[in-house]
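Just so you know, the sequence shown maps onto residues 3 to 177 in our numbering. For every residue, glycine included, the Cβ atom is placed at its ideal position computed from N, Cα and C. A short write-up of the structure that comes next.
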Amino acid sequence: MDTASVTIEDGVNLLGRYPGAVAATLLAPPVSAWVLGFFQPSGVRQARPPLNWFYSSVIFTSCVPGMLATTLTAYALFFTRSNLMQMNVFVTFLPIVAMGLTLFLIGRKVEFTPLPGFERLSSLILVLALTFFLLIILERMRVLVVFGGSLMALFVIGLVFFITLRTATKKLFGK
3 MDTASVTIED GVNLLGRYPG AVAATLLAPP VSAWVLGFFQ PSGVRQARPP
53 LNWFYSSVIF TSCVPGMLAT TLTAYALFFT RSNLMQMNVF VTFLPIVAMG
103 LTLFLIGRKV EFTPLPGFER LSSLILVLAL TFFLLIILER MRVLVVFGGS
153 LMALFVIGLV FFITLRTATK KLFGK
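Printed below as a string of structure tokens:
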């Protein structure tokens, strides 16, 4: 295979050939979150150092592949109109489930906000979601503009997206 023509689909197919390794890698964060729960004193919702750093690492190692899988799945669903029943479960859906399970297990034990880096991660998730939503609207806009959408409505939508993205990126990159 020529490395100059490697696509994201090639990467997904490569990962799909190793379901055991992918499953083990993706299930490590929820298992780690479960184990970390035993070290958290009951009734205390604030994680103290170094436990808070472990919680943050587990959240990040779960959310990065989960966000990537969510983006790829939404792209396949909304843009290429792929059949979700034919997508690889280990590459597309397991990261999302693992992310949700990890966040659920950690959320039962500690508060997210005081954890190091969590505000930036939540801002990153917000920026990704809004950007993706904006792309969907822009793709559909040709129908909105051609079939009677007002220019004022388009301006208001654009202004809302701009202010929201600007606020989220300020949180992401600091003030």
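Judged by DSSP in its simplified three-state form, SER124 adopts helix. Contact check for TRP55 against PRO118 passes: the beta carbons are separated by less than 9 Å. For VAL37, the enclosing alpha helix (DSSP H) covers residues 21 to 41. Cα atoms of LEU28 and VAL66: separation of roughly 11 Å, rounded to the nearest angstrom.
Here GLY45 carries a coil assignment [DSSP, helix/strand/coil].
Between the segment 35 to 55 and the segment 96 to 111, the count of C-beta pairs closer than 8 Å reaches three or more; the two stretches touch. Excluding five sequence positions before and after SER125, the CB atoms of its chain that fall closer than 8 Å to its own CB belong to ALA170, THR171, LYS173 and LEU174, given in chain order.
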